[in-house]
Amino acid sequence: MNEPAQPGERAEAAEAAEPAHGVTTGAVARRLGVAPTTLRSWDRRYGIGPAAREDGRHRRWTSGDIAVLQEMCRLTASGVPPAEAARAARAGTVPTAPTAPAAATATAAPARQPGSGNGLPLGDVRQECRGLGRAAVRLDSPTMDELLGSLIGAYGLVTTWEEVMVPTLHAVGRKWETSGDQYVEVEHLLSWHVSTALRRVGIGALSGPRASAPPILLACVPGEQHTLPLEALAAGLAELGLPARMFGAAVPPEALDQAVRRTGPVAVVLWAQARSTAHHALARHVADTAWGVKGARARTTVLLAGPGWAGPVPAPGMLRPGGLREALGLLRGLCEAASSPAGGGGGAAPQRS
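251 is the number of the first residue of the sequence shown in the working numbering; add one for each residue after it.
This is the structure we're talking about:
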């Protein structure tokens, strides 16, 4: 004997039966991961609407209407402006997408003005940021995953990080700060997908040749929870074949001290997002830590990474890179020096100020 259907099952059955008469706007919105107001706005502004309306007023979407909406979502997520995406979706054509990163072209395509429909304060940024932002606001995980992977493949890790990932993350963070508890889920989901994309880069590079230099240690200072910039650096080091040890968020001073003494690193990267977390005493301690036999003591070079270290010129034995690209260049130079016969290959990284 069949059991009676539960409320959720009855609702699903009702939605499954709706296509004969058309699907409601709410059901389509849930299926596509967009807000019902977005669908109504697309209908009003761009004519992306249902072919028929019940009683002349209520929207009822057919399978053909939904296919056009799906294409509209795909195009806007790839950075195509909504008006252009709507024309292409209705016509069944594919608009020309940007083919080169802004940093690599003499004349970048002009960025669109705010008001693209994603609600994020992106300002003057490249189109891919808008596509990623729209997908994040829709909580569209598959699109974010596909976008990040294709961008890294097309433009490289550093450009994707600096020109797409960081601006979009900052925009979501600003929206969170100004909207109370709203957009927390957007920030968390976007951060998770960025982290996943970065780790895929690192994992994909593990099978390549590895440098013979001592490792590079990556750590957030105590009290610092922002790890994504260090994850980007770890992925970049993996691409270069440079050995690294990632310790993540809020590393206690004692743990970092033990890691330095045990591994004899060529460099230690300390990340501080804010001045309140920057631990200058810890940075000096790490830079002054020596190991090895008497007469051949070695020290490491400390990279002060992140905006929290802004201020006085770093002391001898410390460097302050201006971003991911510069940090990778400095660390590659330190590893090459440590691997050369003059460098000793034992963690005796050159002292630089």
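Glycine is no exception: its CB is placed at the ideal position from the N, C-alpha and C atoms.
Beta-bridge analysis with DSSP links M322 to no other residue. Counting along the chain, V519 sits inside no alpha helix (DSSP H); it lies in the beta strand (DSSP E) bounded by residues A517 to W521. Beta-bridge partners assigned by DSSP to V552: V518 and M568. Per DSSP, reduced to three states, the secondary structure at G573 is coil, with no helix or strand assignment.
In this structure, C585 lies near A463, with their beta-carbon atoms less than 9 Å apart.
Taken through DSSP and simplified to helix, strand or coil, R547 comes out as coil. Three or more pairs of CB atoms, one per stretch, sit closer than 8 Å, so the stretch 499-519 contacts the stretch 466-485. R495 is bridged by DSSP to L467. One alpha carbon belongs to M415, the other to P465, and they sit about 27 Å apart.
Taking C-alpha positions only, P571 is separated from A555 by approximately 6 Å. Distance from the CA atom of T527 to the CA atom of V330, rounded to whole angstroms, is 40 Å. Residue nearest to G381 within the set G314, D293, M322 and R310 is M322 (criterion: CA-CA distance). Annotated three-state conformation of R310 is strand, per DSSP. For a cut-off of 8 Å, the C-beta gap from A482 to W559 is around 17 Å, too long to register as a contact.
Looking only at G473, V422 and L325, the smallest Cα-Cα distance to H529 is reached by G473. W442 is classed as exposed because its beta carbon has fewer than 16 other beta carbons within 10 Å across all chains shown.
By DSSP's assignment, V416 forms no beta bridge with any residue. If you compare the alpha carbons of W311, W292, R290 and S291 with that of P300, the shortest gap goes to W311. If you draw a straight line from the Cα of G383 to the Cα of A421, it is about 8 Å long. Per DSSP, the unbroken alpha helix (DSSP H) holding R450 starts and ends at V434 to G454. A check of alpha carbon separations from G567 across E435, V519 and L289 identifies V519 as the nearest. Ranked by how close their Cα comes to the Cα of T477, the residues V501, I402 and L569 have V501 in first place. The beta carbons of L553 and L532 sit no closer together than 9 Å. For the pair A485 and A447, the Cα-to-Cα distance works out to about 9 Å.
Residue pairing from DSSP places V273 in a beta bridge opposite W311.
Around the CB of R549, 16 or more other CB atoms lie within 10 Å, so the residue is classed as buried. DSSP, reduced to helix, strand and coil, places A524 outside both helices and strands of the structure shown, so it counts as coil. When secondary structure is reduced to three states using DSSP, A327 falls in the helix class. Beta-bridge annotation (DSSP): A335 is not paired with any residue. Taking the Cβ atoms as the reference, V444 lies roughly 7 Å from L419, within the contact range of under 8 Å. Residue range L478 to L490 is occupied by the alpha helix (DSSP H) that includes E489. Counted as a single uninterrupted DSSP element, the alpha helix (DSSP H) harbouring A505 occupies residues P503 to T513. Nearest in C-alpha terms to S291, of all of G272, L319 and A488, is L319.
Contact annotation: E437 and E413 have beta-carbon atoms that are not nearer than 9 Å.
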